[in-house]
Amino acid sequence: MKLLHAADLHIDSPLRGLDRYPGAPAEQLRNATRNAVDNLVTLALEEEVTAVLLAGDVYDGSWDNYRTGLYFTEQMHRLREADIPVFMISGNHDAENKMTRKLTLPDNVYRFSPDGPEREIREDLGLAVHGQSFAQRDVRDNLAAGYKDAAPGLFNIGLLHTALDGRPGHSRYAPCDLNQLVNHGYDYWALGHIHKRDVMHENGVHVVFPGNTQGRHPGETGDKGCTLVTVDGSGKVEHLEHRTLDSAARWYEVRVDMTGAYDRDDAYRRVDEKLRKQVGDHFVDGRVDAVRVVAFGACEAHSALLTGHEEFTAEVQQISQQHSSVWIEKVRVRTTRLRDEVASEQLTELVADIREETERLHATPEQVRAVLTSTGLQSKLPAQVRKSFQEEGWTDRITNEAADLLMAMLEESR
Numbered sequence: 001m002k003l004l005h006a007a008d009l010h011i012d013s014p015l016r017g018l019d020r021y022p023g024a025p026a027e028q029l030r031n032a033t034r035n036a037v038d039n040l041v042t043l044a045l046e047e048e049v050t051a052v053l054l055a056g057d058v059y060d061g062s063w064d065n066y067r068t069g070l071y072f073t074e075q076m077h078r079l080r081e082a083d084i085p086v087f088m089i090s091g092n093h094d095a096e097n098k099m100t101r102k103l104t105l106p107d108n109v110y111r112f113s114p115d116g117p118e119r120e121i122r123e124d125l126g127l128a129v130h131g132q133s134f135a136q137r138d139v140r141d142n143l144a145a146g147y148k149d150a151a152p153g154l155f156n157i158g159l160l161h162t163a164l165d166g167r168p169g170h171s172r173y174a175p176c177d178l179n180q181l182v183n184h185g186y187d188y189w190a191l192g193h194i195h196k197r198d199v200m201h202e203n204g205v206h207v208v209f210p211g212n213t214q215g216r217h218p219g220e221t222g223d224k225g226c227t228l229v230t231v232d233g234s235g236k237v238e239h240l241e242h243r244t245l246d247s248a249a250r251w252y253e254v255r256v257d258m259t260g261a262y263d264r265d266d267a268y269r270r271v272d273e274k275l276r277k278q279v280g281d282h283f284v285d286g287r288v289d290a291v292r293v294v295a296f297g298a299c300e301a302h303s304a305l306l307t308g309h310e311e312f313t314a315e316v317q318q319i320s321q322q323h324s325s326v327w328i329e330k331v332r333v334r335t336t337r338l339r340d341e342v343a344s345e346q347l348t349e350l351v352a353d354i355r356e357e358t359e360r361l362h363a364t365p366e367q368v369r370a371v372l373t374s375t376g377l378q379s380k381l382p383a384q385v386r387k388s389f390q391e392e393g394w395t396d397r398i399t400n401e402a403a404d405l406l407m408a409m410l411e412e413s414r
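Numbering (the UniProt record's numbering), first residue to last: 1 to 414.
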């Protein structure tokens with residue numbers, strides 16, 4: 001028996017802010033989630049899997065139109081033609097709404113109800129699949145606690161969209177304990193919600209987050225895909241294998257150690273070397289590698305990189321052109337001066353004040369917004385800059401950048 005376990009497809013997930021980047025491969029990035037689903041279905045057909053398991057967040061909220069839903073049903077019809085069943089639940093992003101209620105899925109797709117835990121028995125396949133969809137986005141109840149007992153003589157699967165006991169960057173939806181899942185009596189827990197692949201348990205009972213099928217922003221880096229599960233004749237998991245699906249686009253954070261860099265030329269050389277090693281060695285023809293470069297470390301070049309940030313960014317972009325698939329999304333300077341001490345007690349106190357004020361503004365982002373509003377500065381900014389202020393975390397970004405610039409100016413004045 002072979003099972004294909006995927007989660008967090010986020011079909012047509014909006015990639016906000018791409019219009020701020022001249023020359024960005026926007027179309028390819030926007031189509032990347034669909035490309036990954038195409039690859040998922042093709043893989044299921046090639047491997048002739050017994051069933052496909054989709055553990056929530058197939059969609060990304062309510063759709064602007066039906067094209068997203070129609071695309072998904074077309075892909076499910078491809079599996080129907082090969083007589084491959086699909087078992088799916090809805091998560092926090094595609095929880096019960098009028099769109100999902102009106103969407104008619106082909107008869108090979110079983111979508112678990114949000115009204116309570118269900119069990120679908122397929123004795124012809126040797127499967128018992130258990131699951132429950134989210135009724136609304138914010139589910140704080142332990143759904144797994146209500147899942148039915150294992151069906152004897154079958155391979156039992158629990159489909160669950162959950163953060164378990166919590167994960168950084170993910171809301172604590174449908175919380176539960178790993179031991180609870182391991183001791184529930186199922187053979188395999190097909191989890192979703194956490195976008196990084198993680199095999200939580202594999203001794204007897206397998207508990208697996210496959211990660212999302214396609215990275216959607218700089219925080220979702222590296223190889224993305226699904227998990228191919230092979231079950232032996234005795235009903236035991238024989239093999240778990242990650243399969244890559246992100247053939248259209250991949251996100252990287254390239255951290256370049258500038259420790260000891262003495263000028264910008266030295267910094268450029270280090271960026272080039274790291275890009276070749278971290279991104280170039282994984283080149284895939286036709287795939288966009290979207291890269292965020294972060295320069296860090298104590299160095300003499302610190303002030304030059306910080307005060308000449310635009311020039312540094314332009315040079316990094318020029319370096320990236322030597323790597324045909326690379327698009328530089330952003331360049332961040334997080335270097336520090338070579339020596340921590342400053343020339344005078346007055347400057348030391350001023351640096352401390354800047355750091356303290358920065359931390360205070362991080363804790364009260366509404367004050368940053370108030371400054372822009374009260375001074376009328378926001379209305380005078382270009383439209384594309386104002387639009388960026390709608391994105392999550394912009395107050396932290398603008399505060400960090402202002403503090404970094406002030407620190408560089410102080411160092412230059414020593």
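All C-beta atoms in this analysis are idealised placements derived from N, C-alpha and C, irrespective of residue type, glycine included. It should be emphasised that the depicted structure is a prediction, and the values quoted were computed from it without experimental measurement.
By the neighbour-count criterion, in which 16 or more other beta carbons inside 10 Å mark a residue as buried, I194 falls on the buried side. Excluding the 5 residues flanking it on each side, C176 has same chain C-beta neighbours closer than 8 Å at N142, L143, A144, A145, L160, T162, L164 and D165, in chain order. In this structure, DSSP gives A51 an extended state, which the three-state scheme calls strand. For K277, the enclosing alpha helix (DSSP H) has its first and last residue at R264 to Q278. CA-CA distance, A304 to S320, rounds to 21 Å.
Linking E81 to N92 through their CA atoms gives a straight-line distance of about 30 Å. The bridge partners DSSP lists for N212 are A7. Taking the Cβ atoms as the reference, V284 lies roughly 18 Å from I328, outside the contact range of under 8 Å. The residue among R332, Y173 and M258 with its C-alpha nearest the C-alpha of E273 is M258.
Rounded to whole angstroms, the separation of the alpha carbons of T50 and D223 is 25 Å.
Restricting attention to L4, S13, R276 and V231, the CA atom closest to the CA of G215 is found in S13. Ranked by how close their Cα comes to the Cα of L105, the residues M76, F296 and D83 have M76 in first place.
Taking a cut-off of 8 Å for Cβ pairs, the stretch 39–55 and the stretch 232–239 do not touch, as fewer than three such pairs fall below it. A135 and P22 have their alpha carbons spaced roughly 40 Å apart. At the C-beta level, V288 and A314 stay beyond 7 Å of one another. For the set R337, C226 and L181, the Cα lying nearest the Cα of H130 is the one of L181. Taking G116 as reference, the option from I89, Y268 and E123 with the minimal CA-CA separation is I89.
The C-alpha of T68 is placed about 33 Å away from the C-alpha of K148. Taking C-beta separations shorter than 6 Å and ignoring five residues to either side along the sequence, the partners of E47 in its chain run K2, following chain order. Sequence-distant partners of P218 (beyond 5 residues in either direction) whose C-beta falls short of 8 Å from its own C-beta, in its chain, are W251, E253, A290, R292, E329 and K330. Its chain contains H93 as the residues whose beta carbon lies nearer than 6 Å to that of G61, once the 5 sequence neighbours on both sides are disregarded; these appear in chain order. Between L191 and F155, the CB-CB gap reaches or exceeds 7 Å. Within its own chain, the residues whose Cβ lies closer than 7 Å to the Cβ of V207, once the five positions on either side in sequence are excluded, are L178, L181, V182, W189, L191, M200 and H201, listed in chain order.
Only residues of its own chain outside the window of five on either side were considered, and among them K2, L4, E47, E241 and R243 have a CB closer than 7 Å to the CB of L228, listed in chain order. Minimum Cα-Cα distance from D57 among the listed residues N108, R30, L70 and R137 corresponds to R137.
A direct Cα-to-Cα measurement between V86 and Q318 gives close to 46 Å. In this structure, the alpha-carbon of F209 lies about 18 Å from that of I11. The beta-carbon distance between H323 and V256, rounded to whole angstroms, is 14 Å. This is too long to meet the 8 Å contact definition.
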